[in-house]
Amino acid sequence: MNRNEILSHLKENPKVSVLIVGGGINGIGTFRELAFNGVDVLLVERGDFCSGASAASSHMAHGGIRYLENGEFRLVREAVQERNRMIQNAPHLVKPLPTVIPIFKPFSGLLNAPLKFFRLLDKPAERGSLVIKLGLMMYDAYTGAQAAQSAQRLVPKHQFLSRRKSLEKWKFLNPEVINTAVYYDGAILQPERLGIELVLDAEAENPNARALNYVSMAGGSEDTILIRDELTDETYDVKPQLVINAAGPWIDFANRKLGLSTGFIGGTKGSHVVVRHEQLRKTIGDHEFFFENKDGRIVLIFPLYDRVLIGTSDIPVENPDEARCTDEEVQYFLDLVKRVFPALELTPSNIVFQFSGVRPLPRSNAKTAGQISRDHSIEVLSGDWTNLRFPVYSLVGGKWTSFRAFAEQVTDKVLAYLGRPRQKDTRSLPIGGGRGYPRTEQDLKQQIESLSAWTGVTRERLRLLFERYGSRAETISTFINGGTDQILRSLPDYSRRELMFLIQHEKIMHLDDFLLRRSMLGMLGRVTREMIDELAGIFSNALGWKPEQRATEVARTLSILADRHGLQL
């Protein structure tokens, strides 16, 4: 069903087993899990899918090595398992990531780690070689246990490099290092694309699973939820048996609309910047640098295509709508690079994009933000606690790496409530373009040759499509071949037919949906004013925008880029 068909169906049939409020990765993961288990489910998101907290990730699928120090062993075990599953199930978007820890002291933190474990110390302390070595040995043990279950080790064991070898390997590395440790995590190259592919998989599997972006929850009482189409301002009644509040850092705000007073969330802001700096990008190569800054904050320098992603902060906030990357945070990020690569000069002029979001962490009395648990939980409100005839499940916490495991736990609880059996396990289920994705370069070349001969699309273009969409490149190239195509003037690695496919099949409603979430153009700093104007013309024809709406869309896009991402075009 397209958007209009879903809304028309809803007007005639307001009853649904499960309503999910919030289309970030927690909501989408649960939507997919329920859909594959035969549940009729409706997901509504007030903005675009993965446009809130889920759009502000560090692009890591990580096993949570730093959670060992807090004693969160279950969380580490789960995260390692889910990281490996993401690499297997979405190989077009999630890749093994060699990660470097630069170490400046030998024994620092040796007593701090056990004291923090027993909650006897909350002061940050720099970890030395011995503590990091012990942590990585334990981390490898978790990864090894997972490998034994799957009969395959997806990432190598860690290595320790001497000062001399480290300085030889990474030019410009701070000569004060005494060691570097190299271990493996995962890189989620395009998290928001992963999100939309999960949505599309769910709808393809189950005709009674429907997802709507730009639809908000306006209120609710007794047996009815009122939702509003943000594009037309029209309202609709929904009569669910159960509501899942997956609004992330907005969970408590969403509960208030249902007359529920909750204080589940104590979120912290995490900001990042993306920089264009050829020397830094060449220096780190395919390695992420992941380390503890002088203030105890865990930070990262991450290879993101031809750019470098730098983050992140951890600052308590009250209103997630007000989260922006500040000048102080920008300076902090530039300074942290100096700690590792003191000879490299970075200034604000190197920044091509910035972003900020709020982690949906549980409200906590922890003295530092880093001590707040990154685990996830389901908070249930029902019965005499509410004026509602259905229970509300609030999804607190969660992160990109463990979204599937969290969704599985939520779905098991929902299925038990509805009295239905589980039909399908998603642990080994491919995601979107990961289905049938070529595992070797030779396999990729063969698929490209075959598709090029069949569709007439050039091999160079097909390689780009595989990089962006995985095995969905076959469907997209077939669509491209179905009409007269034209390369864009302002964007020569995209074409009109490719954009038409995305608009028709990926629920794009606004220009920024494409620039910021269906592509990496915004984050990589490639957007120009000429590009926005050319795209607006294509979108106008595809979505039936009148001249006034086209002008409004251009102004809206320019405002979002300036206000949230520091881009003045």
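The sequence shown: position 223 = 240 (this note's numbering), numbered continuously.
Cβ atoms here follow ideal geometry from the backbone N, Cα and C, with glycine treated the same way.
Given the structure is predicted, the values throughout are model-derived calculations rather than measurements.
Where does the unbroken beta strand (DSSP E) through residue i begin, and where does it stop?
i      : result
Glu396 : 394 to 398
Val260 : 252 to 262
Asp65  : First-last for Asp65: undefined, no H or E at that position.
Tyr201 : 196 to 205
Ser288 : 285 to 292
Val35  : 32 to 38
Exposed or buried, residue i, counting other C-beta atoms within 10 Å across all chains shown (16 or more means buried)?
i      : result
Lys524 : buried
Pro173 : exposed
Thr329 : buried
Val232 : buried
Gly41  : buried
Trp471 : exposed
Thr300 : buried
Ile504 : exposed
Phe121 : buried
Pro192 : exposed
Arg456 : exposed
Phe370 : buried
Trp402 : exposed
Gly46  : buried
Thr364 : exposed
Phe307 : buried
Asp392 : buried
Lys32  : exposed
Arg535 : buried
Ser25  : exposed
Asp250 : exposed
Gly539 : buried
Asp429 : exposed
Met154 : exposed
Glu220 : buried
Glu425 : buried
Gln459 : exposed
Got a sec? Which residues, its chain only, sit under 7 Å from residue i by beta carbon, not counting five neighbours each side?
i      : result
Asp530 : Asp65
Leu6   : Outside the shown range of the chain, which is 18 to 586, sits residue 6, and nothing can be said about it.
Arg496 : The amino acid occupying residue 496 in the given sequence is Phe; Arg does not appear at that position. Cβ neighbours of Phe496 beyond the five flanking positions: Arg514, Phe518.
Ser469 : Thr475, Arg476, Leu479
Ala168 : Reliability of the predicted coordinates at Ala168 is poor, the pLDDT of 43 falling under 50, and no value is obtained from them.
Lys188 : Thr300
Ser467 : none
Asp218 : Arg49, Ile448, Gly449
Leu481 : Asp510
Asn367 : Val292, Arg293, His294
Glu247 : Arg63, Tyr231, Val232, Ser233
Glu222 : Ala52, Phe53
Ile242 : Leu36, Met234, Val255, Pro257, Val260
Glu29  : none
Which residue or residues does DSSP assign as beta-bridge partners of residue i?
i      : result
Phe306 : Val117, Ile318
Leu405 : Glu239
Asn230 : Glu62
Ile268 : Answer by DSSP bridge pairing: none, since Ile268 is not bridged.
Ser411 : Asn262, Glu396
Leu326 : Val291, Phe319
Lys112 : Ala204
Which first and last residues belong to the alpha helix (DSSP H) in which residue i is found?
i      : result
Ser469 : 458 to 472
His582 : 564 to 582
His76  : Looking at the DSSP string, His76 is not in any alpha helix (DSSP H), and its letter there is neither H nor E.
Gln426 : 420 to 435
Gly44  : 42 to 52
Val97  : 90 to 106
Phe483 : 476 to 486
Leu217 : 208 to 222
Leu178 : Taken as a continuous stretch (DSSP letters only), Leu178 belongs to no alpha helix (DSSP H), being part of the beta strand (DSSP E) at 176 to 179.
Met548 : 546 to 560
Ile23  : 20 to 29
Kindly list the residues whose CB is nearer than 8 Å to the CB of residue i, restricted to its own chain and excluding five residues on each side of it in sequence; keep chain order.
i      : result
Leu586 : Val544, Thr545, Arg546, Ile549, Leu575, Leu578, Ala579
Arg573 : His527, Leu528, Asp529
Gly80  : Val93, Ala96, Val97, Arg100, Tyr156, Tyr159, Thr160, Asp202, Thr418
Leu178 : Lys186, Asn196, Thr197, Ala198, Val199
Ser75  : Gly287, His289, Leu317, Phe319, Leu326, Gly328, Thr329
Arg380 : Gly280, Phe281, Ile282, Gly283
Spatial neighbours of residue i within its chain, please: CB distance less than 6 Å, with the 5 preceding and 5 following residues excluded, ordered by chain position.
i      : result
Met18  : none
Thr116 : Tyr200, Asp202, Glu305, Phe307
Arg136 : Confidence at Arg136 is low in this model, with a pLDDT of 48, below 50, so its placement is unreliable and the value that follows should be read with caution. Answer for Arg136: no residue qualifies.
Can you check the region 494 to 525 for any beta strand (DSSP E) of at least 3 residues that lies completely inside it and give the ranges in chain order? The qualifying runs do not exist here; there are none.
3 or more residues per run - each beta strand (DSSP E) lying fully within the region 332 to 387: 368 to 376
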